[in-house]
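Everything in the sequence shown is counted per this note's numbering, starting at 12 for the first residue and increasing by one.
Ideal Cβ positions, reconstructed from N, Cα and C, are used throughout, including at glycine.
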Amino acid sequence: MGRTPVVRVRGRGSGRVSTADMTCCKPGERSRLIYAIREYRGRKGQSKGFGWRDLRDLLVRARIQLGGPTVLVWDNVRLHLTAGMREFIAANAAWLTAFQLPTYAPDLNPQEGIWSLVKRDIGNLAAADLGQITRAVKRRLKQIRYRPDLVDSCPASTGLITDD
């Protein structure tokens with residue numbers, strides 16, 4: 012009969028890959044996906060994920076790429092609600108307006124659609140190490156970034172954005 016497949020892996024298996032991403036829509040232009048990726052390998056002093064300053068930097072990068080005012084609609088992740096982030100939004104009210112989604116509303120969050128597209132591609136990946144997972148996530152996000160139809164489908168599926 013058959014044999015049970017064995018997948019050999021290196022390392023102790025710790026670590027994680029985090030993403031911070033934004034679906035950006037501007038009337039009359041193609042939608043964009045702007046993102047950042049971080050690996051956590053469990054090293055002493057290494058940040059486990061994104062901090063509010065990282066999100067601030069991502070927002071500034073998006074503003075530079077998109078130009079003009081920005082309306083931010085995001086969920087209630089604890090990081091989004093920090094004092095530093097609130098102060099940054101208040102200090103930049105001339106170009107940045109933020110709206111919080113209801114407490115638990117994944118059906119209204121376009122990023123859930125993006126993450127679903129990423130997971131669909133890497134769901135059966137038998138990664139040998141954390142770097143392989145990171146490369147797979149980066150590759151998939153890059154593929155999505157260059158498919159405006161996929162990026163458009165995520166906000167459209169929430170019903171928050173229409174072509175009217």
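Check: Leu107 vs Leu70 beta-carbon contact at 8 Å; Outcome: yes
Check: Where the beta strand (DSSP E) containing Ala109 begins and where it ends; Outcome: Leu107 to Gln111
Check: Closest Cα partner of Arg67 within the set Asp32, Glu40, Ser58 and Arg43; Outcome: Asp32
Check: Beta strand (DSSP E) segment containing Ala47, residue limits; Outcome: Arg43 to Tyr51
Check: Short Cβ contact (8 Å threshold) for Glu50 with Leu161; Outcome: no
Check: Other residues of its chain near Lys149: CB distance less than 7 Å, five sequence neighbours each side excluded; Outcome: Ile48
Check: Ser164 versus Gln143: straight-line alpha-carbon distance, rounded; Outcome: 28 Å
Check: Where the beta strand (DSSP E) through Arg27 begins and ends; Outcome: Arg27 to Cys35
Check: Residues of its chain near Thr114, where Cβ-Cβ distance is below 6 Å and the 5 sequence neighbours each way are ignored; Outcome: Asn87
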